[in-house]
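For reference, the structure discussed in these notes is given below.
In the numbering used here, the protein residues as written are 79 to 890.
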């Protein structure tokens, strides 16, 4: 009889896999558990099709076969699988399975003397990805949703959605360990039930209520009603008119997710990626998979390109996760494009709504409704796209709304998931070059998308996405604001501690984004060539420098999330040449590779992607560019003094008390590569003119312009005097001096005099307490900056310092 059943199951598998295509995850953990003891699979629902998929995927992955008996266990059922939910009519279905005969018998087997432990592996099979939205009868009867389906509906579901089948093997757990205590198999049942629910939430998503129902929930919320009444009183309008105005705000903001539109967009995006890029490499996505379902996820990527909107949705959906609802600037709500993005999950926000309290109340409530209903959300903490390639200073607006929503309702835990997105070549390179040179930012236009079609046959290399370490909001608040749970918060509450805690959260988010950087050959090529006066190197020397950077980054890792390329320098350089970012100058003694024209400016963007990795080695190398030797303790003190300012601008991961050890690690790495020579406590640079001395100088160039900008700000402040200049006025003067230095010293890098960088650095000095701003807006210069200025003198050329001093005295 058992043989006949297995033959029947084999026939079902063969027929099903004519239409079924699966995406499988979690196999590695199951294989490891199978080497330790017998495996028993748990399926969510009694279903022949799900069992057939389980048997087929186990056979493909060479995992223990479910239909065979458990090894070493005398179980009466003689099989290694069971289901949690029985097949019953819905009206007779209990709220949860309190009893499972298979588990009860298995528990009895384990209590026998000498019985082996069994590892339970929950297996979730999801047919199709459509959320359960009741707008189409056919879609409703064929999509895999939360309810229990009948046989006919299940047949249609397999037929229609078979090519989008998700199979997720959960983390194996010890049955003996789970049964410890007096609760028996009920504990195992509850654990499996919660697991299946979490997985289904992460893959299928929560139920999508009708959009009008969501509108009514927002407009009847107490905070929105108060805002409507206040607006009516202040403006003299009738309540009904203000109600209509609030309704228009919700309609302007809210997403209108449509599964058919999303599927269509997915096909277009897939075509877009395959035509424009060589492929997408994804790292550490399991960090998101482990927590989605149990936590409400908030994805917080860096923002480098308009492609970011497509990238995260494409990758997350491809990895078996629900595509998040994405916050987009109202500028993206263009004709034709805006409605499509809205149906694909985008919701829109205005750049500023400080002067419109009604809009603010509506938007806050909409965000709260998303979180309270379990929707995954994505937004960019930087606000806009980075035109310089470095992570911008965070704007805490959306983070503050998220924290306030969580304070109102924190029954479900919330986690921020940082994401680094890197491109070997960005599609907006021409517009970025223009903006860096002073051109005004162009308004988005649908016609620009038509122009992009002309680039589709161009070569833009690969795209990289790396998931950083999550930030669990409840744990973060416990560390930074103990006792936050002791209060009940409403929608209008803004506790005194909110702003500083949100500011710290914003810094933590961008720091973890930077920590998840994926280093590419283009990044390392830019680091090497841009440190040269004429941005040119012999080919073999450039390859050697790229390999040196790889070895150093492996020797002194930048955290657990940073990805360093494993391919050698020659292969990486070939990739850069394929992208036509280098000019080759043939020569009998060896070809020379050079950056020319726009490529020289564009490569500063790719260098800035990874500049934070080279801050400490850059400071060390800058000392030896001007000095023959230095005491180790002096190098440590130099890095310790300047680090706070570099950390604020570049979002570096180390605490200030860690810098001494990090500096010593880099010194030892330099010694191992022969870049420094030790004599007791004194370190010497290699002989001038030697290859090792030449390579050491490369690292000094990485931080040179950052140090020069820092010097410009501090010297201008010093010569202006206290309470003599506002931040805006200081930014204008800094930009003029930087433009002058760029012309004098031939810096082909418009970002050197970018106002945004100067403004961000001045804001960082205010946060550090180096500057104070008076009531009238002017700045006061404090003593700590003078100490750092003394150290800056050790690493900057006399000529640069003299020119800055000259301009500062001539134009106080």
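Ideal placement from N, C-alpha and C gives every residue a C-beta, glycine not left out.
Asked                                                                                                                        : Found
Residue 498 beta carbon less than 7 Å from that of residue 587                                                               : no
Spatially closest choice to residue 374 from 465, 433, 483 and 662, by CA coordinates                                        : 483
Residue nearest to residue 710 in terms of C-alpha spacing, selected from 744, 563 and 879                                   : 744
Distance between residue 702 and residue 762 (C-alpha atoms, nearest Å)                                                      : 8 Å
Cβ pair residue 269, residue 195 closer than 7 Å                                                                             : no
Length of the line joining the Cα atoms of residue 839 and residue 563                                                       : 35 Å
Alpha-carbon spacing of residue 298 relative to residue 444, whole angstroms                                                 : 12 Å
Selection from 732, 682, 128 and 645 that minimises the alpha carbon distance to residue 613                                 : 682
When 694, 673, 616 and 442 are compared against residue 667, the one with the closest alpha-carbon                           : 616
Beta-carbon proximity check, residue 590 vs residue 621, cutoff 7 Å                                                          : no
Pairwise C-alpha distance: residue 409 and residue 435                                                                       : 21 Å
Among 183, 241, 323 and 368, nearest to residue 103 - alpha-carbon criterion                                                 : 368
Run of the beta strand (DSSP E) containing residue 759, from where it starts to where it stops                               : Where residue 759 is concerned, there is no enclosing beta strand (DSSP E), given that its DSSP letter is neither H nor E.
Straight-line gap, residue 822 to residue 886 (C-alpha atoms, nearest Å)                                                     : 16 Å
Closer than 7 Å to chain B by CB, residue 186                                                                                : Protein chain content of the structure displayed is limited to a single chain, and chain B is not contained in it.
At least 3 beta-carbon pairs within less than 8 Å: the region 539-554 vs the region 633-650                                  : yes
Span of the alpha helix (DSSP H), counted from its first residue to its last, around residue 359                             : Counting along the chain, residue 359 falls outside any alpha helix (DSSP H), though it belongs to the beta strand (DSSP E) covering 357-361.
Between the CA atoms of residue 474 and residue 579 - distance to the nearest angstrom                                       : 10 Å
Selection from 611, 664, 542 and 574 that minimises the alpha carbon distance to residue 598                                 : 542
Continuous beta strand (DSSP E) assignments of at least 3 residues falling wholly in the region 278-314                      : none
Residue ranges of each beta strand (DSSP E) within the region 659-707, 3 or longer                                           : 661-663 and 670-672
Range covered by the alpha helix (DSSP H) that runs through residue 856                                                      : Premise fails: residue 856 is in no alpha helix (DSSP H) and is neither H nor E.
Beta-carbon gap between residue 624 and residue 650 smaller than 7 Å                                                         : yes
Residues near residue 439 in its chain [Cβ-Cβ closer than 7 Å; skip 5 each side]                                             : 301, 302 and 305
Rounded Cβ spacing between residue 740 and residue 819 (contact assumed at less than 8 Å)                                    : At roughly 30 Å, the Cβ-Cβ gap does not stay under 8 Å, so residue 740 and residue 819 are not in contact.
Separation of residue 437 from residue 849, as counted between CA atoms                                                      : 35 Å
Span of the beta strand (DSSP E), counted from its first residue to its last, around residue 117                             : 117-123
Residue burial classification, residue 458 (beta-carbon count within 10 angstroms, cutoff 16)                                : buried
C-beta contact flag for residue 406 and residue 333 at 7 Å                                                                   : no
Segment contact, 8 Å Cβ cut-off, at least three pairs: the region 148-168 with the region 180-194                            : yes
Residues of its chain near residue 215, where Cβ-Cβ distance is below 6 Å and the 5 sequence neighbours each way are ignored : Low confidence applies to residue 215: its pLDDT is 45, below 50, so where it sits in the model is not reliable, and the reading given next is rough at best. Excluding positions up to five away in sequence, the list is empty.
From 720, 684, 845 and 556, residue whose alpha carbon lies closest to that of residue 695                                   : 720
Buried/exposed call for residue 132, threshold 16 Cβ in 10 Å                                                                 : buried
Three-state secondary structure assigned by DSSP to residue 885                                                              : helix
Neighbourhood of residue 197 by C-beta, 8 Å cutoff - its chain only, sequence neighbours within 5 removed                    : 111, 112, 114, 115, 116, 117, 118, 250, 251, 252 and 253
Residue(s) in a DSSP beta bridge with residue 851                                                                            : 857
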